[in-house]
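Below is one structure, written out as structure tokens; comments come after it.
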Amino acid sequence: MNTRPSSERPALKIIEHRHYGRWFSALVVLLILGFFASSVASNPNFEWDVVLQNLTEDSILSGVMMTIKLTCISVVLGFAGGTVLAFMRLSANPVLSWVSWGYIWFFRAVPMLVQLFLWYNIATLYPKLSLTLPFYGEIWSVKTNQLISPFSAAVIALVMHQSAYAAEIIRAGIQSVNVGQLEAAKALGYRPGQIFRQTILPQAMRAILPPAGNEVIGQLKTTAVVSVIALQDVLYSAQIIYQRTYEVVPLLLVATAWYLLMTSVLSIGQYYVEAFYSRGNVPDKAKWFRPKSKNRELSS
Amino acid sequence: MSESITLRGIRKQFSGKTILHDVDLDIEAGSVTVILGPSGSGKSTLLRCINHLEKVDAGTVHVGPELIGYRQKGQHLVELPEAKIARQRQKIGMVFQQFNLFPHRTVLQNVMDAPLRILNESVSVVRERAIALLTRVGLEHRINAWPRELSGGQQQRVAIARALAMQPEVILFDEPTSALDPELVGDVLQVMKNLAQEGMTMVVVTHEIGFAREVADKIIFMDQGRIVETGNSSSLLDTPQHPRLREFLSSVL
């Protein structure tokens, strides 16, 4: 029997594979979420009215501002310092490389909380800071306690901590760039600083951004430790209120809500920054950043 | 303006193994020199010594009158700082086997960036030159593409345009067609032939014997870190003297 299909071109419609499993799993997830949401909403112990009432309380809002301020300062200074440290670590100069290694070793080894206390209590080690010139004497001095406020202690500790971690992330990014890129830039006559800024860093950013996003979000939450030196961030502001009213869970939910919101903003920001640095690599996202030009593409 | 290249006593070692044994080479201004040789013979290393991408262990490289990578102080050669070497490299174009276009820049940006940033020329001048160069290599319709959207042959032609945009005095080709599909090789070689006719000093490491025969003023055959045989294209390819060269030619032809 001849089973060969006929030579006519059949008008057959193609139906894509149906993913029943996806529909089923979506249903299961929705059900679980529904149960969870209804239990959270109907459980009076959550005290949602208290949560809503305190969400935009003045002291909470100023706590949020403090958290944002600490995060911004420590991320900006931390990554700037981390870039310098990564550069030193990869430097051909063995002194710079070892200094950077030592810094990273130390500030990754000491827990953030311990560092915070150490900086806050630095006055017990060095009660007075002074600038002294040989053969001239003291030209400037200040009591350490006047210099180290809870805020400055927190900033110093957070920046030191952040820069050590950022250095390793940036180093990984730099090392991920193909050596051919360095050679091409050298052969064209770019100077070392230009090679770093124009060729290495823009390409390293693709590898740097995902772990850097982790690190920034981690840092946002790490700032919560400053409550131990009575600096009023969002968590400490919530603690102050519940120590007065005993509404512990609702106020922790207030702090949680703010952390969720801030993290969401950072995550969305990360998406767009990543898309920018993926230009030339991910066709779909690249379109946004293609330069406008009079000479349009004629064909591909 | 084309320049001559003079190599004297170039020695290069990698972890104790000698890759180049005191190589001497004279390349006339405006000539095309093709370097042939089996892999591991040191031909790419020799090429990379010319623009100081490899540091030599002994010997001197001159492009025109200029000593590359060092300044002479009595009987010593003192290595120049990177910024000075960068200035010397501006005049020495290079094309790589793996193209090495900047993936985060479009075709036009790849060609324009170096003249803008390094030579500080005006955007309009650089743009005009870049588009003229890209037209010359047949890619004027792709100026806003990303490198990864191009075929290998197209990428290599952009890389040649990028090197030419710096208006170099000499241009080095390190196996420019070795990473290409066979049917894409022709376009790249055609661009190189046109360049040779315009009197650019070219040093080409390649396995393209046909290109060598047609274009080379001088062919050099290297083996185990030494120049074994030198000649013009017909003498070297048709009447090879050295047994190693005969063996090489019979295996690649």
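Residue numbers (our numbering), protein chains in the order written: chain A, 2 to 301; chain B, 9 to 261.
All C-beta atoms in this analysis are idealised placements derived from N, C-alpha and C, irrespective of residue type, glycine included.
Please read all numbers here as calculations on a predicted model, not as lab measurements.
Residues of chain A whose Cβ lies closer than 8 Å to the Cβ of residue 122/B are, in chain order, 189, 190 and 191. Going by DSSP, residue 170/A is part of the alpha helix (DSSP H) stretching over 151-176. For residue 203/A, the closest Cβ of chain B is nearer than 8 Å. Annotation: the continuous beta strand (DSSP E) that includes residue 78/B extends over 78-81.
Taking each of 247/A, 109/A and 189/A in turn and checking the Cα distance to residue 174/B, the smallest one comes out for 189/A. The Cβ of residue 109/A sits no closer than 8 Å to any Cβ of chain B.
Looking only at 165/B, 211/B, 184/B and 161/B, the smallest Cα-Cα distance to residue 191/B is reached by 161/B.
Any Cβ of chain A closer than 8 Å to the Cβ of residue 76/B would place that residue at the interface, and such an atom is absent.
Neighbours of residue 126/B in chain A, taken as residues whose beta carbon is under 9 Å from its own, are 189, 190, 191, 192 and 195 in chain order. When CB distances to chain B are screened at a threshold of 8 Å, not a single residue of the region 102-133 of chain A falls below it.
Residues of chain A whose Cβ lies closer than 7 Å to the Cβ of residue 181/B do not exist; the shortest such Cβ separation is about 12 Å. About 13 Å separates the Cβ atoms of residue 271/A and residue 220/A, ruling out a contact at the 8 Å cut-off. With a threshold of 8 Å between beta carbons, residue 104/B makes contact with chain A. For residue 209/B, the enclosing beta strand (DSSP E) stretches over residues 209-213. Residue 46/A and residue 240/A have their C-alpha atoms spaced approximately 18 Å apart. The alpha helix (DSSP H) runs lying completely inside the region 156-229 of chain B and spanning 4 residues or more are 160-173, 190-205 and 217-223, given in chain order.
About 6 Å separates the beta carbons of residue 69/B and residue 15/B, which is inside the 8 Å limit, making them a contact pair. Nearest C-alpha to residue 90/B among 24/A, 192/A and 209/A: 192/A.
Using a Cβ distance threshold of 8 Å, residue 174/A and residue 208/A count as a contacting pair. Burial check for residue 212/B: the Cβ neighbour count within 10 Å reaches 16 or more, so the residue is buried. For the region 5-54 of chain A, the continuous alpha helix (DSSP H) assignments of 4+ residues that do not extend past its boundaries occur at 21-43, in sequence order.
75/B is the residue among 136/B, 75/B, 253/B and 29/B whose C-alpha sits nearest the C-alpha of residue 59/B. When the five nearest sequence neighbours on each side are left out, the beta carbons in the same chain lying within less than 6 Å of the beta carbon of residue 224/B are those of 40, 42 and 241, in order along the chain. Beta-bridge annotation (DSSP): residue 21/B is paired with 26/B.
With distances taken between CA atoms, residue 132/A lies nearest to 144/A out of 10/A, 230/A, 123/A and 144/A.
Taking 4 residues as the shortest admissible run, the region 25-110 of chain B contains the following complete alpha helix (DSSP H) segments, listed from N- to C-terminal end: 51-58 and 90-97. In the displayed model, residue 255/B falls within a helix according to three-state DSSP. Interface annotation for the region 51-68 of chain A against chain B: empty, criterion Cβ-Cβ distance under 8 Å.
Taking a beta-carbon distance threshold of 8 Å, residue 275/A does not count as an interface residue toward chain B. For residue 234/A, the three-state secondary structure derived from DSSP is coil. If you look at residue 133/A, you'll find it isn't in any alpha helix (DSSP H); it sits in the beta strand (DSSP E) that goes 129-134. In the three-state scheme derived from DSSP, where H, G and I count as helix and E and B as strand, residue 218/A is classed as helix. Taking 7 Å as the cut-off between beta carbons, none of the residues of the region 176-204 of chain B comes near chain A.
For residue 156/B, at least one C-beta of chain A is nearer than 8 Å to its own C-beta. Under DSSP, the beta-bridge partners assigned to residue 138/A are 134/A. Residue 233/B carries a coil assignment under DSSP once its states are collapsed to helix, strand and coil.
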